[in-house]
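Residue 361 in this note's numbering sits at position 349 of the sequence shown, with consecutive numbering throughout.
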Amino acid sequence: MSLSEKYIEEGEKNLLHTYNRFPIVLDHGEGVYLTDVDGKKYLDFASGIAVFALGYNDPEYNDALKKQIDKIIHTSNLYYNVPAVEAAKELCAVSGMDRVFFTNSGTEAIEGAIKSALKYAYTKAPADDYEIIAMEHSFHGRSMGALSVTGNAHYREAFGEGIGHIEFAEYNDLESVKAKINSKTCAIIMETVQGEGGIYPASEEFLKGVRKICDENDILLILDEIQCGMGRTGSMFAFEDYGIKPDILTTAKALGCGVPVGAFLMTERVAEKSLVPGDHGSTYGGNPFACAAVLEVLRQYKEKDIVGHVKEITPYLEAKLDELKEKFPNIIDRRGKGFMQALEFDGPVGEIVTKAQEKGALIITAGTNVLRLVPPLIIEKEHVDSIVSILTEILQKY
Ligand SMILES: Cc1ncc(COP(=O)(O)O)c(C=O)c1O
Numbered sequence: 013m014s015l016s017e018k019y020i021e022e023g024e025k026n027l028l029h030t031y032n033r034f035p036i037v038l039d040h041g042e043g044v045y046l047t048d049v050d051g052k053k054y055l056d057f058a059s060g061i062a063v064f065a066l067g068y069n070d071p072e073y074n075d076a077l078k079k080q081i082d083k084i085i086h087t088s089n090l091y092y093n094v095p096a097v098e099a100a101k102e103l104c105a106v107s108g109m110d111r112v113f114f115t116n117s118g119t120e121a122i123e124g125a126i127k128s129a130l131k132y133a134y135t136k137a138p139a140d141d142y143e144i145i146a147m148e149h150s151f152h153g154r155s156m157g158a159l160s161v162t163g164n165a166h167y168r169e170a171f172g173e174g175i176g177h178i179e180f181a182e183y184n185d186l187e188s189v190k191a192k193i194n195s196k197t198c199a200i201i202m203e204t205v206q207g208e209g210g211i212y213p214a215s216e217e218f219l220k221g222v223r224k225i226c227d228e229n230d231i232l233l234i235l236d237e238i239q240c241g242m243g244r245t246g247s248m249f250a251f252e253d254y255g256i257k258p259d260i261l262t263t264a265k266a267l268g269c270g271v272p273v274g275a276f277l278m279t280e281r282v283a284e285k286s287l288v289p290g291d292h293g294s295t296y297g298g299n300p301f302a303c304a305a306v307l308e309v310l311r312q313y314k315e316k317d318i319v320g321h322v323k324e325i326t327p328y329l330e331a332k333l334d335e336l337k338e339k340f341p342n343i344i345d346r347r348g349k350g351f352m353q354a355l356e357f358d359g360p361v362g363e364i365v366t367k368a369q370e371k372g373a374l375i376i377t378a379g380t381n382v383l384r385l386v387p388p389l390i391i392e393k394e395h396v397d398s399i400v401s402i403l404t405e406i407l408q409k410y
């Protein structure tokens, strides 16, 4: 029995079976490569689902965390802590937002965003039936609030009505949003680039149109950039490319590059009429350890011009994926932005994922027929060549 088999057998006895995990037990990483407990090495085009932007085992990142461990890991939010104060300043600066609340996950960032929007509406005119418009095929997380605005009905069906008062519109279809607006609508929530739903960027016409509807009706625009933000699309936040700004923004994943941390941010205009002391809180949220990670991540983004790097390599990645599409007719679409790319096939891609693993590469899916490529943001052209060559080998026999 290999070490991997041993841990998988043990794990299956005690871990709740909520994931159909691949039979891989990861042990350590270096740059854009991961190694399992049996010593097998993988080129990582998954980044722990769009998380590990800076690559694995970065000495400066590790040192920043170690230093913070030696100082203090947790304080609670009854007191201030230096990393949280500094991370808040930096995150507001890079996002153009005014106020931030740190959370422990993406899902919690969505919860906070929903509560902020409801409180904003309530402050203007108290009522308990304000509506939120969310998008079909969206994904916002697994807690009851986040699930309630998640457009994939399959995720919701066993869990009742959720928080209620949610209307679903079609993504990239302005008319369908307009049809759902009424005097009770207080917010529209959407991903700037839909991730789990299959990697669909918002069209410019759609996002600008939604912004205009929000402005005209004092409806809050919540942009979920938990997956597509933090440089992944070649801008610090994907909304920048559209010349618009959300009222509330959510981020997580690459924000801590592996340390569990998320955030919801808002403009001062929203903050003035939204959450006040007693409305929201978190024991861990914004603790010094998590915020030391945020600070170091943002420092490295600046120092290494991570966003510029994504911009520089993206045309090469897209050209190579387009070549693949030309060569193999079972690839019916290549779409995405920056290092958030999809190859859509005319059938299920599960076998391609498994074969890639056998050949030493990690790729994930976004729906049954879609391969999702979300590598660490530090990949170079040679890594693009490697993944394309692995995919070519697989597809020649597919
Ligand atoms: C767009 C989006 N929102 C929210 C979430 C939930 O984040 P988390 O898994 O950190 O709770 C995800 C996770 O994949 C996501 O992609």
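Glycine included, each C-beta is placed from N, C-alpha and C at the ideal position. The structure presented is a predicted model; accordingly, all values stated were derived computationally and were not measured.
Nearest to Leu277 (by Cα), restricted to the options Ile84, Ser107 and Ser215: Numbered from 1 along the sequence shown, position 265 holds the residue referred to as residue 277. The option with the nearest alpha carbon to Leu277 is Ser107.
Does Arg244 pass the burial test, meaning 16 or more other C-beta atoms within 10 Å, or should it be called exposed? In the sequence shown, residue 244 corresponds to position 232, counting from 1. So Arg244 ends up on the buried side.
Look at the alpha carbon of Gly4 and the alpha carbon of Pro95, and state the distance between them as a whole number of angstroms. In the structure as shown, the chain starts at 13 and stops at 410, and residue 4 therefore has no counterpart that could be examined.
Where does Phe1 fall in DSSP's three states? Here the chain comprises residues numbered 13 to 410, so residue 1 is not present and cannot be evaluated.
beta-carbon His152 near ligand 1 non-hydrogen atom, thresh 7 Å: As a working note, residue 152 is residue 140 in the sequence shown. Result yes, Cβ under 7 Å from ligand 1.
Is Val203 near ligand 1, with its Cβ less than 7 Å from a heavy atom? Locating residue 203 in the sequence shown gives position 191, counting from the first residue. Here residue 203 turns out to be Glu, not Val, going by the sequence shown. Yes, since a heavy atom of ligand 1 falls inside the 7 Å radius drawn around the Cβ of Glu203.
Looking only at its chain, what residues have a beta carbon closer than 6 Å to the beta carbon of Glu252, apart from the 5 residues adjacent to it on each side? As a first step, residue 252 is located in the sequence shown; it is residue number 240 there, counting from the start. None.
If contacts are defined as beta-carbon pairs under 8 Å, then Thr262 and Ala121 qualify, I think. What distance do you get, rounded to the angstrom? To locate residue 262, count along the sequence shown from 1; it is residue 250. To locate residue 121, count along the sequence shown from 1; it is residue 109. Thr262 to Ala121, Cβ: 4 Å. Contact.
Exposure of Phe218, with buried meaning 16 or more beta-carbon neighbours within 10 Å: If you number the sequence shown from 1, residue 218 lands on position 206. By the neighbour-count rule (16 or more Cβ atoms within 10 Å), Phe218 is buried.
Would you tell me roughly how many angstroms separate the C-alpha atoms of Ile61 and Thr377, rounded to the nearest one? Residue 61 sits at position 49 when you count from the first residue of the sequence shown. Residue 377 sits at position 365 when you count from the first residue of the sequence shown. Cα to Cα, Ile61 sits roughly 10 Å from Thr377.
Selected residue, minimal CA-CA separation from Pro71, among Gly176, Glu143 and Val309: Position 59 of the sequence shown, counted from the first residue, corresponds to residue 71. Among Gly176, Glu143 and Val309, the Cα nearest to that of Pro71 belongs to Val309.
Specify the secondary structure class of Val322 as computed by DSSP and reduced to three states. As a first step, residue 322 must be located in the sequence shown, where it is residue number 310. In the structure shown, Val322 sits in a helix (DSSP, three-state: H, G or I).
Quick one: what does DSSP say Ile364 is sitting in, helix, strand or coil? Stepping through the sequence shown from its first residue, residue 364 is reached at position 352. Helix.
May I ask which residues mark the beginning and end of the alpha helix (DSSP H) holding Ile402? Along the sequence shown, one-based indexing puts residue 402 at 390. Run containing Ile402: Lys393 to Gln408, per the alpha helix (DSSP H) assignment.
Should Thr119 be counted as a contact of ligand 1 given a C-beta to heavy atom distance under 7 Å? Walking along the sequence shown from the start, residue 119 turns up at place 107. Yes, the Cβ of Thr119 comes within 7 Å of a heavy atom of ligand 1.
Check whether the Cβ of Ala264 lies closer than 7 Å to any heavy atom of ligand 1, and answer yes or no. Walking along the sequence shown from the start, residue 264 turns up at place 252. Checking the Cβ of Ala264 against ligand 1 gives yes.
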